[in-house]
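One structure is given below, encoded as structure tokens.
Numbering (UniProt numbering), first residue to last: 1 to 455.
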């Protein structure tokens with residue numbers, strides 16, 4: 001519920017890529033969002049207090065360099081931990097936080113795809129339960145947006161609407177059985193058709209939120225697809241995360257990733273981080289803008305309207321795997337040709353194989369990934385260069401992991417129903433840019449080069 005009275009926001013996940021941009025968007029749109037304060041919930045870690053982590057990992061980021069230097073005055077860092085009761089907030093502060101918070105935005109998540117089921121459940125479901133409990137203790141709460149993933153819906157043909165994905169048991173029973181060690185991970189993944197414990201536990205977390213939705217004013221679940229570089233804010237192409245498609249492109253650009261298990265025709269739904277950030281802000285009822293909920297299809301298929309929002313590009317504006325690979329190789333080959341004049345040691349980008357996991361895949365993987373890296377690690381071991389041996393072995397693990405975990409996404413096209421169309425998002429926020437996925441791919445390439453590869 002939006003009102004004209006000043007708001008007080010509780011924000012989680014600000015050390016992450018999305019969380020930083022949500023914070024930057026709030027601060028940039030401060031007068032429109034009309035808030036007096038942002039509580040930033042942050043864990044103490046690595047021998048640092050929450051406040052020191054905020055200064056070192058958040059405030060120092062280039063994400064905020066276009067804001068007034070006084071932006072930090074609107075932020076109050078609160079030490080906490082979503083994995084603990086009351087979200088780990090000190091008993092002396094808890095009454096104040098609950099009394100003042102009018103909006104909650106949850107951008108925290110564990111995005112590791114290969115955690116054991118119990119660990120993933122604790123990271124994504126137990127934390128959700130603790131945040132739900134906190135939200136229900138906030139008497140002035142007017143809106144809450146929590147971030148999920150569009151991939152909680154297992155792949156299927158046809159439109160994928162923003163509706164709950166089914167579970168074999170009630171959410172509470174499944175949660176308790178998982179924590180008690182009474183669920184076989186592989187059997188559950190097969191039964192639910194989830195590719196990994198990440199999407200499964202995010203699905204379970206959604207059911208927890210929906211179960212308590214009547215007691216949480218303005219609750220909305222935001223489901224982004226593959227989040228990548230900013231379209232406009234904080235600056236075109238800005239990114240600080242090597243996850244997802246940016247990692248693929250960075251590895252191809254560096255000349256390391258040369259073999260991909262994927263379908264050339266499959267399309268990747270990639271959405272700019274600033275569009276997702278704005279969808280989260282709108283979904284939390286912090287602005288007069290209505291949440292981009294696709295009502296008609298939900299009501300037709302289920303007879304009910306669920307508080308779920310897709311923050312996606314839609315299949316029409318998705319990028320084919322082949323296009324991403326070809327454009328990346330062309331872009332970085334040209335760049336490397338210029339830089340090789342100064343540094344002949346730079347490895348040229350090359351894609352030797354893009355296709356299914358067959359004999360050709362394994363031969364190319366052996367020739368272009370496994371053997372060169374194994375030989376390199378051996379040479380570094382003989383020469384006594386332990387650091388380079390470690391890095392070479394780490395790269396080998398990364399390349400193996402990419403072709404083990406991601407084929408589910410690189411072989412399938414997901415036809416998500418957009419919460420608002422790509423064109424609307426562009427028209428509203430980036431009037432100077434053509435609403436075209438190929439244009440956005442160019443922005444991603446520039447962003448990866450500048451912010452991740454620093455070339």
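In this text, a Cβ means the ideal position worked out from N, Cα and C, and glycines have one as well.
Note that this is a predicted model, so its numbers are computed, not measured.
Assigned with DSSP and collapsed to three states, residue 187 falls in helix.
Selection 410, 384, 449 evaluated against residue 226 yields 410 as nearest (Cα-Cα). Taking C-beta atoms as the reference points, residue 14 and residue 42 count as a pair closer than 8 Å. Excluding the 5 residues flanking it on each side, residue 151 has same chain C-beta neighbours closer than 6 Å at 199, in chain order. When DSSP states are grouped into helix, strand and coil, residue 61 belongs to the coil group. Here the alpha carbons of residue 137 and residue 311 stand approximately 28 Å from one another.
Under the three-state reduction of DSSP, residue 14 is assigned to coil, being neither helix nor strand. Going by DSSP, residue 106 is part of the beta strand (DSSP E) stretching over 103 to 106.
DSSP places residue 247 in the helix class (H, G or I) of the three-state scheme. In the three-state scheme derived from DSSP, where H, G and I count as helix and E and B as strand, residue 269 is classed as coil. Secondary structure of residue 81 (DSSP, three-state): coil. Taking C-beta atoms as the reference points, residue 455 and residue 284 fail to come closer than 8 Å. For residue 447, the uninterrupted alpha helix (DSSP H) run begins and ends at 437 to 447, by DSSP. Counting C-beta pairs with one atom in each stretch, the segment 159 to 177 and the segment 110 to 118 have fewer than three that are closer than 8 Å, which means they do not touch. Fully enclosed beta strand (DSSP E) runs of no fewer than 3 residues occupy 219 to 224, 226 to 228 of the segment 204 to 260, in order along the chain. By the C-beta density criterion, residue 246 is buried, having at least 16 other C-beta atoms within 10 angstroms.
About 6 Å separates the beta carbon of residue 218 from that of residue 144, a gap short enough to meet the 8 Å contact definition.
For residue 285, the secondary structure class from DSSP, reduced to helix, strand or coil, is coil. DSSP, reduced to helix, strand and coil, places residue 386 within a helical segment of the structure shown. Of all C-beta pairs linking the segment 352 to 368 to the segment 270 to 287, fewer than three are shorter than 8 Å, placing the two stretches out of contact.
The beta carbon of residue 113 sits closer than 7 Å to those of 196, 198, 405, all from its chain and outside the five residues before and after it, given in chain order.
Here DSSP, grouped into helix, strand and coil, assigns residue 353 to strand.
For residue 37, the enclosing beta strand (DSSP E) has its first and last residue at 35 to 42.
As far as DSSP is concerned, residue 279 takes part in no beta bridge. Straight through space, the alpha carbons of residue 123 and residue 110 are spaced by roughly 6 Å. When the Cα atoms are used, residue 323 and residue 33 turn out to be separated by approximately 38 Å.
Taken in chain order, the complete beta strand (DSSP E) segments of 3 residues or longer contained in the segment 118 to 197 are 143 to 147. The beta carbon of residue 76 lies closer than 8 Å to those of 37, 38, 39, 40 in the same chain, with the five residues before and after it left out. In the structure shown, residue 311 falls within a strand segment according to DSSP collapsed to helix, strand and coil.
The distance from the Cβ of residue 234 to that of residue 107 is about 16 Å, inconsistent with a contact at the 8 Å cut-off. Between the C-alpha atoms of residue 59 and residue 359 there is a straight-line separation of about 49 Å. Within the same chain, and ignoring the five residues on either side of residue 128 in sequence, the residues whose Cβ sits closer than 6 Å to its Cβ are 205, 208. Of all alpha-carbon atoms in 23, 248, 74, 194, the one lying nearest the alpha-carbon of residue 327 is that of 248. Taking C-beta separations shorter than 6 Å and ignoring five residues to either side along the sequence, the partners of residue 399 in its chain run 369, following chain order.
Within the same chain, 80, 81 come within 6 Å of residue 88 by CB-CB distance, once the 5 residues on both sides are set aside. Note on residue 279: 16 or more other CB atoms within 10 angstroms of its CB, so buried under the neighbour-count rule.
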